[in-house]
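**Q**
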Amino acid sequence: MKLTSCAVTDIGRKRERNEDQFLLDDERSLFAVADGMGGHLGGEQASQLAVATLSEVLAAASPPAPAVAESLRFAIRQANRRVFEAAQTDFAGAEIGTTTVAMRIVDGRAAIAHVGDSRAYLLRGGTIQQITDDHSFVWEQVRLGLITPEQARRHPHRNWILRSVGHREEVEVDVQEVQLRAGDRLLLCSDGLSGPVDDAELLALAGAGAPDEAAAMLVDLANERGGEDNITVLLVVVEEVAPCA
Ligand code: CA
1 MKLTSCAVTD IGRKRERNED QFLLDDERSL FAVADGMGGH LGGEQASQLA
51 VATLSEVLAA ASPPAPAVAE SLRFAIRQAN RRVFEAAQTD FAGAEIGTTT
101 VAMRIVDGRA AIAHVGDSRA YLLRGGTIQQ ITDDHSFVWE QVRLGLITPE
151 QARRHPHRNW ILRSVGHREE VEVDVQEVQL RAGDRLLLCS DGLSGPVDDA
201 ELLALAGAGA PDEAAAMLVD LANERGGEDN ITVLLVVVEE VAPCA
């Protein structure tokens, strides 16, 4: 398996702090994006704690492939507990939390686990597919056919998150797996990107070319659209999938 990866996080143009975090660990093929919320330093601490917990809990260099997805779920639950505890002890019970989307690639398969509205997309053969379902109010409305994705993008309550890491004592984590092919690209991002930039634009900019240039162009576009939020882009290109032994 051969992967090329890169990640960029940018404060945007309106926020005073960057509450987004990413984890990019090529050695363990472990990637994540977390988008903290809670104001003051709470949001930053929540996303930092989530990413640090993933890195710590998933320390094993090469887990057996069938265990990867469940290990991601377990790690996000651990992160949830730590953020929840930090909210009680360091933030006087304030509601701090973070989205988390985590991905690990082992033996030609990507396992993806997430909570919240940070997304994972698969770009393959000139198409783009959102792998994760947003745990958000507007996504539910789209799913029920009450509004269109375009209306969701401009909806006044588009920031309402229905599930986050650290908000409650326990959290439900969604897990998925994708069998990879050479040439596939996986994009993880926070809503600071997927809000202002639509899927067709993500595909046009991230679907080809050098990953670092693609990531920089995506950040620039989100900023040109106002840069209302922190922007994080993590792109993994599957260069080669090893043939089965
Ligand atoms: Ca955000």
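Note that the sequence shown covers residues 1 to 245 in this note's numbering. We treat Cβ as the ideally placed atom computed from N, Cα and C, and that holds for glycine.
1) So what's I76 in DSSP terms, helix, strand or just coil?
2) Please list, in chain order, all residues of the same chain as A245 whose beta carbon is under 6 Å from its beta carbon, the five residues on each side excluded.
3) Three-state secondary structure (DSSP) at D229?
4) Does at least one heavy atom of ligand 1 sit under 8 Å from the Cβ of N230?
5) For ligand 1, I want to know if M1 counts as a neighbour, meaning its beta carbon is within less than 8 Å of at least one of the ligand's heavy atoms.
6) For M1 versus G108, is the C-beta distance shorter than 9 Å?
7) I need the straight-line Cα distance from V51 to D10, nearest angstrom please.
8) Roughly how many angstroms separate the alpha carbons of Q78 and T53, rounded to a whole number?
9) Would you please state the rounded distance, in angstroms, between the beta carbons of A34 and Q21? I believe it to be under 8 Å.
10) Does DSSP put L49 in a helix, in a strand, or in coil?
11) If you measure from the CB of S62, is any heavy atom of ligand 1 nearer than 8 Å?
12) Considering just the uninterrupted stretch of the beta strand (DSSP E) at D107, what are its terminal residues?
13) Is G126 near ligand 1, going by C-beta to nearest heavy atom under 8 Å?
14) For A215, which residues from the same chain have a beta carbon less than 6 Å from its beta carbon, with the 5 sequence-adjacent residues on both sides left out?
15) At what residue ranges does the segment 137-182 contain a whole run of the beta strand (DSSP E), taking only runs of 3 or more?
16) Apart from the five residues on each side of it in sequence, which residues of its chain come closer than 7 Å, Cβ to Cβ, to R15?
17) Exposed or buried, what is G192 when buried is set at 16 or more other beta-carbons lying within 10 Å of its beta-carbon?
18) Run through DSSP, which three-state label would A94 get?
19) Using only the alpha-carbon positions, how far apart do A200 and V178 sit?
20) Is it right to say A182 is buried, meaning 16 or more other beta carbons lie within 10 angstroms of its own, or is it exposed?
21) Please report whether the beta-carbon of L24 lies at a distance below 9 Å from any beta-carbon of chain D.
22) Can you determine whether any heavy atom of ligand 1 sits closer than 8 Å to the C-beta of E213, and answer yes or no?
23) In whole angstroms, what separates the C-alpha of L3 from that of V238?
24) Is the separation between the beta-carbon of A102 and that of A75 shorter than 9 Å?
25) Nearest-angstrom Cα distance between P64 and L72?
**A** The answer reads as follows:
1) On the sequence shown, position 76 is the one that residue 76 refers to. DSSP places I76 in helix when its eight states are reduced to three.
2) Numbered from its first residue, the sequence shown carries residue 245 at position 245. Any reading at A245 must be qualified, since the residue scores a pLDDT of 48, below 50, and its modelled position is unreliable; the value itself is stated next. Excluding sequence neighbours, A245 sits near nothing in its chain.
3) Indexing the sequence shown from 1 puts residue 229 at position 229. Residue state, collapsed to three classes: coil.
4) On the sequence shown, residue 230 is found 230 positions in, with the first residue counted as 1. Answer for N230: yes, Cβ within range of ligand 1.
5) Counting from one through the sequence shown, the residue named residue 1 turns up at place 1. Result no, Cβ not under 8 Å from ligand 1.
6) Along the sequence shown, one-based indexing puts residue 1 at 1. Along the sequence shown, one-based indexing puts residue 108 at 108. Yes, these two residues count as a Cβ contact at 9 Å.
7) As a first step, residue 51 must be located in the sequence shown, where it is residue number 51. As a first step, residue 10 must be located in the sequence shown, where it is residue number 10. Near 17 Å, if we compare the C-alpha coordinates of D10 and V51.
8) Here residue 78 corresponds to residue number 78 of the sequence shown, with the count starting at 1. Here residue 53 corresponds to residue number 53 of the sequence shown, with the count starting at 1. Answer to the nearest angstrom: the Cα atoms are 7 Å apart.
9) One-based indexing of the sequence shown puts residue 34 at position 34. One-based indexing of the sequence shown puts residue 21 at position 21. About 5 Å separates the two Cβ atoms, so the contact holds.
10) For the purposes of this step, residue 49 is identified with residue 49 of the sequence shown, where counting begins at 1. Helix.
11) Position 62 of the sequence shown, counting from 1, holds the residue named residue 62. Flag unset: Cβ of S62 not near ligand 1.
12) In the sequence shown, counting from the first residue as 1, residue 107 sits at position 107. From DSSP, D107 is part of no beta strand (DSSP E); its letter is neither H nor E.
13) The residue you call residue 126 lines up with position 126 of the sequence shown. G126 Cβ: outside cutoff for every heavy atom of ligand 1.
14) Within the sequence shown, residue 215 is the residue found at index 215, counting from 1. Counting only Cβ-Cβ distances below 6 Å, and skipping sequence neighbours, we find C6, V8, V233, L235.
15) 174-179
16) As a first step, residue 15 is located in the sequence shown; it is residue number 15 there, counting from the start. Once the five neighbours on either side are set aside, the close Cβ partners of R15 are D229, N230.
17) Indexing the sequence shown from 1 puts residue 192 at position 192. Buried, because 16 or more other Cβ atoms sit within 10 Å of the Cβ of G192.
18) On the sequence shown, position 94 is the one that residue 94 refers to. Here A94 sits in coil by DSSP.
19) Position 200 of the sequence shown, counted from the start, is the residue given in the question as residue 200. Position 178 of the sequence shown, counted from the start, is the residue given in the question as residue 178. Answer to the nearest angstrom: the Cα atoms are 21 Å apart.
20) Here the question's residue 182 lines up with position 182 in the sequence shown. Exposed.
21) The chain labelled as chain D is not found in the depicted structure, where only one protein chain is given.
22) On the sequence shown, residue 213 is found 213 positions in, with the first residue counted as 1. Result no, Cβ not under 8 Å from ligand 1.
23) If you number the sequence shown from 1, residue 3 lands on position 3. If you number the sequence shown from 1, residue 238 lands on position 238. Answer to the nearest angstrom: the Cα atoms are 5 Å apart.
24) The residue labelled residue 102 in the question sits at position 102 within the sequence shown. The residue labelled residue 75 in the question sits at position 75 within the sequence shown. In contact: A102 and A75 (Cβ atoms closer than 9 Å).
25) As a working mapping, residue 64 is identified with position 64 in the sequence shown. As a working mapping, residue 72 is identified with position 72 in the sequence shown. Their Cα atoms are separated by approximately 13 Å.
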